[in-house]
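Visitor:
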Amino acid sequence: MNIRRVSFDHPDAVKLNDQVQAEYHERYGDGGDATSLDPADFDPPNGVYFIAYDENDSPVATGGWRSQDTNGEGNVDGDAELKRMYVVEAARGRGLARRILAALEEDARAAGRIRMVLETGTKQPEAIALYTSSGYEPCEKFGYYRSYDDSRCFAKPLGS
Numbered sequence: 174m175n176i177r178r179v180s181f182d183h184p185d186a187v188k189l190n191d192q193v194q195a196e197y198h199e200r201y202g203d204g205g206d207a208t209s210l211d212p213a214d215f216d217p218p219n220g221v222y223f224i225a226y227d228e229n230d231s232p233v234a235t236g237g238w239r240s241q242d243t244n245g246e247g248n249v250d251g252d253a254e255l256k257r258m259y260v261v262e263a264a265r266g267r268g269l270a271r272r273i274l275a276a277l278e279e280d281a282r283a284a285g286r287i288r289m290v291l292e293t294g295t296k297q298p299e300a301i302a303l304y305t306s307s308g309y310e311p312c313e314k315f316g317y318y319r320s321y322d323d324s325r326c327f328a329k330p331l332g333s
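The numbering used here puts the first residue of the sequence shown at 174, with every later residue one more than the last.
#1: What did DSSP end up calling Val-179 once you bin it into helix, strand or coil?
#2: Would you please state the rounded distance, in angstroms, between the beta carbons of Ser-307 and Lys-314? I believe it to be under 8 Å.
#3: Taking only the alpha-carbon atoms, compute the straight-line gap between Arg-282 and Asn-175 and give it to the nearest angstrom.
#4: Tell me the residue span of the beta strand (DSSP E) that contains Arg-325.
#5: Look at the alpha carbon of Asp-250 and the alpha carbon of Gly-236, and state the distance between them as a whole number of angstroms.
#6: Just the Cα atoms here: how many angstroms apart are Val-394 and Asp-322?
#7: Please classify Tyr-317 as buried or exposed, where buried requires at least 16 other C-beta atoms within 10 Å of its C-beta.
#8: Taking just the CA atoms, how far does His-198 sit from Leu-277?
#9: Taking three-plus beta-carbon pairs below 8 Å as touching, is the segment 189-196 in contact with the segment 257-264?
#10: Within a Cβ cutoff of 8 Å, which residues of the same chain sit near Pro-212, ignoring the five residues on either side of it in sequence?
#11: Along the chain, which unbroken stretches of the beta strand (DSSP E) at least 3 residues long are found entirely within the segment 204-287?
#12: So, Arg-200 versus Lys-296, is the Cβ gap smaller than 8 Å?
#13: Is Glu-292 helix, strand or coil when you go by DSSP?
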């Protein structure tokens, strides 16, 4: 697997984002994640967006983080918010999500972020299992879905 830094509006990122949005819609029936995202949110040093490519140079997994500081949505200074973690169905079960997650944590730590935070939902048990097995713990809700009953928020200190 080859992990590459790309822009959030890169054609492969758009393609995989459409796929993850369709999966969110299938699971939640709400049209997908309505969180506002700007491609510039993922521009270094304030964020990054990665795509993993397989041996045939096909995009198979994505993930990004964006800087968040104290705001009216529950974030605190130094947060790196994880967004759009996704592995295509045919490539699941190979540890790709864990590798993307580790690369994102390393990148956010290098950028000076002190805590990685994420929001997921109760209809994504495999995501919750990935995060909790990777050291994430429940935290105060934040972000667009903070008032939703199905929303679950997690955090992990990034250390130095």
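For glycine and all other residues, C-beta sits at the position ideal for the given N, C-alpha and C.
Guide: So, from the listed chains and residues:
#1: In the three-state reduction of the DSSP assignment, Val-179 falls in the coil class.
#2: About 20 Å separates the two Cβ atoms, so there is no contact after all.
#3: 21 Å
#4: It spans 324-330 - the beta strand (DSSP E) in which Arg-325 sits, taken as one unbroken run.
#5: Between Asp-250 and Gly-236, the alpha-carbon positions lie close to 21 Å from each other.
#6: A query on residue 394 cannot be resolved here, the shown segment of the chain reaching from 174 to 333 and no further.
#7: With fewer than 16 other Cβ atoms within 10 Å, it is exposed.
#8: 25 Å
#9: Segments in contact, yes.
#10: Ser-180, Phe-181, Asp-182
#11: 220-226, 232-241, 252-260
#12: yes
#13: Secondary structure of Glu-292 (DSSP, three-state): strand.
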